[in-house]
Amino acid sequence: AQSVTQLDSQVPVFEEAPVELRCNYSSSVSVYLFWYVQYPNQGLQLLLKYLSGSTLVESINGFEAEFNKSQTSFHLRKPSVHISDTAEYFCAVMKPGGYQKVTFGTGTKLQVIP
Amino acid sequence: ETGVTQSPTHLIKTRGQQVTLRCSSQSGHNTVSWYQQALGQGPQFIFQYYREEENGRGNFPPRFSGLQFPNYSSELNVNALELDDSALYLCASSSGTLPNEQFFGPGTRLTVL
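As they're listed, the protein sequences go chains A and B. Residue 128 is where the first sequence ends in the working numbering, and the numbering goes up by one at each step. Residue 116 is where the second sequence ends in the working numbering, and the numbering goes up by one at each step.
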């Protein structure tokens, strides 16, 4: 079975400062890794994903995440946050093959302070 | 191309009642997954339907059941509602040819009193 740990439940950060949201996973097999974002009163939106290949993946709005197999981590970073980045971020894993069950972490609330 | 839609948006029920939630998958998607997101928690996988058959289930009791129709829309049914069933219920659709990405609907907020 797979599991995901998001170490920080809330992360306050000033606008234009850098941020890192931490994610560690546990799995006995290779997995796909995802970051989803959830704005207030909305569903989840895929931010970025790692399937294979380059360990550094980027989103269109400036976020990036790096897959580290030895540390079983997939931390999310952004060099300069905006007020509009205030949301809850979920790290997730899925085992390739079989049915497409996604296992989510408990989420990290990013609060960008003006 | 329309995205994933869910109805109703909000719902209030009392303990012991039954509820049906609906989901329309994104065009071209044949797989639908349902998740329960309790307040302050991450989504928990309930089950998944692929071409009208349940092909995976999480740790939810049998009173949680579902259907998928020939047009790939889906229903989630919950019988004998309990207070702990209060949550946001999310539907996600995906394509059998692209198993790695699920597209989520806005969810149905269920409150059980």
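For glycine and all other residues, C-beta sits at the position ideal for the given N, C-alpha and C.
CA nearest to the CA of residue i, picked from the options
| i | options | result |
| --- | --- | --- |
| G61/B | S89/B, H13/B, Q47/B | Q47/B |
| K16/B | H32/B, E85/B, N58/B | E85/B |
| T19/A | L65/A, E29/A, R36/A | R36/A |
| Q59/A | S17/A, E102/A, H89/A, V27/A | E102/A |
| S94/A | A15/A, E29/A, S17/A | E29/A |
| F118/A | P26/A, S40/A, N75/A, P54/A | S40/A |
| F104/A | A31/A, G121/A, Y46/A, L47/A | G121/A |
| L61/A | F81/A, Q52/A, Y46/A, K115/A | Q52/A |
| P64/B | T12/B, F107/B, Q39/B | Q39/B |
| Y109/A | L65/A, V33/A, K92/A | The question names Tyr, yet the displayed sequence has Lys at residue 109/A. Comparing Cα-Cα distances from K109/A to each of L65/A, V33/A, K92/A, the minimum goes to L65/A. |
| V7/B | L14/B, S89/B, R18/B, W37/B | W37/B |
| G111/A | Y46/A, E34/A, P26/A | Y46/A |
8 Å Cβ cutoff, residue i in contact with chain A
| i | result |
| --- | --- |
| G124/B | What is shown of chain B runs 4 to 116, which leaves residue 124/B out entirely. |
| L24/B | no |
| L84/B | no |
| L93/B | yes |
Closer than 8 Å to chain B by CB, residue i
| i | result |
| --- | --- |
| G67/A | no |
| K1/A | Past the boundaries of the shown model lies residue 1/A; chain A is included only from 15 to 128, so the question cannot be answered. |
| L47/A | no |
| F77/A | no |
| F81/A | no |
| F28/A | no |
| F88/A | no |
Residue i (DSSP reduced to helix, strand or coil)
| i | result |
| --- | --- |
| L86/B | helix |
| S27/B | strand |
| I97/A | helix |
| V7/B | coil |
| I15/B | strand |
| K123/A | strand |
| E72/A | strand |
| A31/A | coil |
| Q16/A | coil |
| N82/A | strand |
| Q24/A | strand |
| Q52/A | strand |
Beta-carbon neighbours of residue i, restricted to chain A and to distances below 7 Å
| i | result |
| --- | --- |
| Q122/B | Nothing can be reported for residue 122/B: it is not among the residues displayed for chain B, which extend from 4 to 116. |
Cross-chain neighbours of residue i in chain A, by beta carbon under 8 Å
| i | result |
| --- | --- |
| N58/B | Y113 |
| S97/B | Q114 |
Contact list for residue i against chain A, beta-carbon separation under 9 Å
| i | result |
| --- | --- |
| P109/B | N55, Q56, G57 |
8 Å Cβ cut-off: residues of chain B touching residue i
| i | result |
| --- | --- |
| G119/A | G45 |
Neighbour list for residue i in chain B, Cβ cutoff strictly below 7 Å
| i | result |
| --- | --- |
| L60/A | E104 |
Near the ligand HEM: residue i beta-carbon under 7 Å from a heavy atom
| i | result |
| --- | --- |
| Q59/A | By its list of ligands, the structure shown contains no ligand whatsoever, and the ligand HEM lies outside what it can speak to. |
- Item | Against chain E: residues of the segment 31-52 of chain B by CB proximity under 7 Å | No chain E appears in this structure, whose protein chains are A and B.
- Message: I'd like the ranges of any alpha helix (DSSP H) spanning at least 4 consecutive residues and lying wholly in the segment 29-84 of chain B.
- Response: none
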